[in-house]
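Enquirer:
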Amino acid sequence: ALAKGGVDADRVGYTVMGHVLQAGQGQITARQAAVEGGIGMNIAAETINKVCLSGMTAISRARDLIRVGDFDLVVAGGMESMSNAPYVLDKARFGLRMGDATLTDVMMHDGLTCAFDGCAMGLATDNYQSDKNLEITREQQDEWSARSHERAARAWKDGLFDDEVVSVEVPQRKGDPLTVTQDEGIREGTTAESLGGLRAAFTKEGSITAGNASQISDGAAALVLASREKADELGLPVLATVRSWGTVAGPDPSLHHQPSAAIRDAASRIDADPSGFDLYEINEAFASVAIASTRDLGLDEGKVNVNGGGIALGHPIGASGARIVVSLIAALRQRGGGTGAAALCGGGGQGDALLVSVE
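All the letters of the sequence shown, read from the start, carry residue numbers 42 to 400 under this note's numbering.
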């Protein structure tokens, strides 16, 4: 983010990063990332955990710090390595005197299970779909998911991700590092018919499968935020302007309408029409969530997740809130500008949205 923006790391005043699965990753992971990214040890950092909303909340936090005049330039974003989430041995600190011990999967416990009802996110979403009579069929979820893969595959071929993706070197046990240049989860040629052959993942009668839910992924996204005055003073390229932020919760832990409710909240703060933006990024934690929020706002599906979403690209939970903002800005720029809304649901029944404009 610093290199692409031509920003001197010495000018950064603060770093805010979302990160959910922090167990075993060492102290204050945002500061680790900042220092590894070239920001000085004399610059403070902050880690935010708001489950899937973490990366977007970090952007909002950075915006607020700039608005009140605390800092001129702030790096914000999110990160997650779900594949490195550890298992922990409960009660081991005080001794396991007799009987079996349980290894707890931190990824499931801290990231993918509701703290209020003890349900996995997928099971809870399946249940709420039935309880709330949302009338979202298995076929509609599979069609949405196939389109996510189709759009993402086309975007890669057309070079639409070139401006937002950075290659990563992954050390190997033997030999040279593996250079990863493209998201691994995109399945070109995926069809609704092929997805229709998958079994339900959570309940026998359910409609959520491994194919119409987001993937378990590793990833990160970062942005540099500054006031317009400071950007002009330093001659920095302004990619987009943050117009508003919204956050909602409840009335229960369900996820389906949290993104649309958050977009309404953000739009109300600037007297904007929540259904009147040029493009939308609604995180595909589950296809049913994106479908429900798209319907709730009465949106044209052609304006939502135009280059694919979390079903194809993955959903590293601490990073996605920032990733969808990066993707939204890139898509708006490719279309010559406009306004857009990025939104997502989060564990515990919360939602965040960020509104941006590109000139």
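Glycine included, each C-beta is placed from N, C-alpha and C at the ideal position. Predicted model only: the values in this text are computed from it and were never measured.
Between the Cα of residue 340 and the Cα atoms of 357, 329, 209 and 319, which residue gives the shortest distance?
Expert: Position 299 of the sequence shown, counting from 1, holds the residue named residue 340. Comparing Cα positions, the closest option is 319.
Enquirer: On the CB-based measure, 16 or more other CB atoms within 10 Å of its CB, does residue 177 come out buried or exposed?
Expert: The sequence position of residue 177 within the sequence shown is 136, counting from 1. Residue 177 is buried by the Cβ-count criterion.
Enquirer: Using alpha carbons as the reference points, say which of 66, 195 and 303 lies closest to residue 229.
Expert: Residue mapping note: residue 229 aligns to position 188 of the sequence shown, counting from 1. Among 66, 195 and 303, the Cα nearest to that of residue 229 is on 195.
Enquirer: Quick check on this structure: which residue in 251, 175 and 262 has the alpha carbon closest to the alpha carbon of residue 74?
Expert: One-based indexing of the sequence shown puts residue 74 at position 33. Looking at the Cα atoms, 262 is the closest of the given residues.
Enquirer: Go ahead and label residue 251 buried or exposed: buried means 16 or more other beta carbons lie within 10 angstroms of its beta carbon, across all protein chains shown.
Expert: Counting from one through the sequence shown, the residue named residue 251 turns up at place 210. It is exposed - the Cβ of residue 251 has fewer than 16 other Cβ atoms within 10 Å.
Enquirer: Just mark residue 101 as buried or exposed, buried being the case when its beta carbon has 16 or more other beta carbons within 10 Å.
Expert: As a first step, residue 101 is located in the sequence shown; it is residue number 60 there, counting from the start. With 16 or more other Cβ atoms within 10 Å, it is buried.
Enquirer: Between the region 109-117 and the region 45-56, do at least 3 Cβ pairs fall closer than 8 Å?
Expert: yes
Enquirer: Within the same chain, show all residues whose beta-carbon is closer than 8 Å to that of residue 98, passing over the 5 residues directly before and after it, in chain order.
Expert: As a working mapping, residue 98 is identified with position 57 in the sequence shown. Counting only Cβ-Cβ distances below 8 Å, and skipping sequence neighbours, we find 59, 89, 91, 288, 362 and 393.
Enquirer: With contact counted as at least three CB pairs below 8 Å, one residue from each stretch, are the region 220-239 and the region 182-193 in contact?
Expert: yes
Enquirer: Go ahead and label residue 276 buried or exposed: buried means 16 or more other beta carbons lie within 10 angstroms of its beta carbon, across all protein chains shown.
Expert: On the sequence shown, residue 276 is found 235 positions in, with the first residue counted as 1. Exposed, because fewer than 16 other Cβ atoms sit within 10 Å of the Cβ of residue 276.
Enquirer: Going by other Cβ atoms of all chains shown within 10 Å of its Cβ, with 16 needed for buried, is residue 213 buried or exposed?
Expert: Sequence index remark: in the sequence shown, residue 213 carries index 172 (1-based). By the neighbour-count criterion, in which 16 or more other beta carbons inside 10 Å mark a residue as buried, residue 213 falls on the exposed side.
Enquirer: Just to confirm the assignment, what range does the beta strand (DSSP E) spanning residue 382 have?
Expert: In the sequence shown, residue 382 corresponds to position 341, counting from 1. 379-387 is the span of the beta strand (DSSP E), which, as asked, contains residue 382.
Enquirer: Looking at C-alpha atoms only, which residue of 397, 387, 391 and 108 is the closest neighbour of residue 93?
Expert: Walking along the sequence shown from the start, residue 93 turns up at place 52. Selected option, being the one with the closest Cα: 387.
Enquirer: Which class does residue 147 belong to by DSSP, given the choice of helix, strand or coil?
Expert: Here the question's residue 147 lines up with position 106 in the sequence shown. Reduced to three states, the DSSP call for residue 147 is helix.
Enquirer: Use the C-beta contact count for residue 157: other C-beta atoms within 10 angstroms, 16 or more gives buried, fewer gives exposed.
Expert: If you number the sequence shown from 1, residue 157 lands on position 116. Per the 10 Å Cβ criterion, exposed.
Enquirer: At the level of alpha carbons, what is the spacing between residue 87 and residue 69?
Expert: Here residue 87 corresponds to residue number 46 of the sequence shown, with the count starting at 1. Here residue 69 corresponds to residue number 28 of the sequence shown, with the count starting at 1. Distance between the alpha carbons of residue 87 and residue 69: 7 Å.
Enquirer: Between residue 95 and residue 379, is the Cβ-Cβ spacing less than 8 Å?
Expert: The residue labelled residue 95 in the question sits at position 54 within the sequence shown. The residue labelled residue 379 in the question sits at position 338 within the sequence shown. In this structure, residue 95 sits away from residue 379, with a CB-CB distance that is not shorter than 8 Å.
Enquirer: For residue 305, collect the residues of the same chain with a Cβ closer than 6 Å to its Cβ; drop the 5 residues on either side in sequence, then sort them by chain order.
Expert: Position 264 of the sequence shown holds residue 305. Same-chain partners within the cutoff: 315.
Enquirer: Do you know how far the Cα of residue 366 is from the Cα of residue 375?
Expert: Walking along the sequence shown from the start, residue 375 turns up at place 334. Walking along the sequence shown from the start, residue 366 turns up at place 325. Roughly 14 Å between the two C-alpha positions.
Enquirer: Which residue wins for smallest C-alpha separation from residue 104, given the options 118, 45 and 266?
Expert: Walking along the sequence shown from the start, residue 104 turns up at place 63. Nearest C-alpha to residue 104: 266.
Enquirer: If you draw a straight line from the alpha carbon of residue 369 to that of residue 127, how long is it in whole angstroms?
Expert: Against the sequence shown, residue 369 aligns to sequence position 328. Against the sequence shown, residue 127 aligns to sequence position 86. Their backbone Cα atoms lie some 32 Å apart in a straight line.
Enquirer: Could you round the C-beta distance between residue 390 and residue 290 to whole angstroms and report it? I think they count as a contact, below 8 Å.
Expert: On the sequence shown, position 349 is the one that residue 390 refers to. On the sequence shown, position 249 is the one that residue 290 refers to. About 6 Å separates the CB atoms of residue 390 and residue 290; that is less than 8 Å, so the two are in contact.
Enquirer: In whole angstroms, what is the alpha-carbon distance linking residue 175 and residue 332?
Expert: Walking along the sequence shown from the start, residue 175 turns up at place 134. Walking along the sequence shown from the start, residue 332 turns up at place 291. Per the coordinates, the alpha-carbon of residue 175 lies some 10 Å from the alpha-carbon of residue 332.
Enquirer: Counting along the chain, where does the alpha helix (DSSP H) carrying residue 330 start and finish?
Expert: Position 289 of the sequence shown, counted from the first residue, corresponds to residue 330. First-last of the alpha helix (DSSP H) with residue 330: 328-338.
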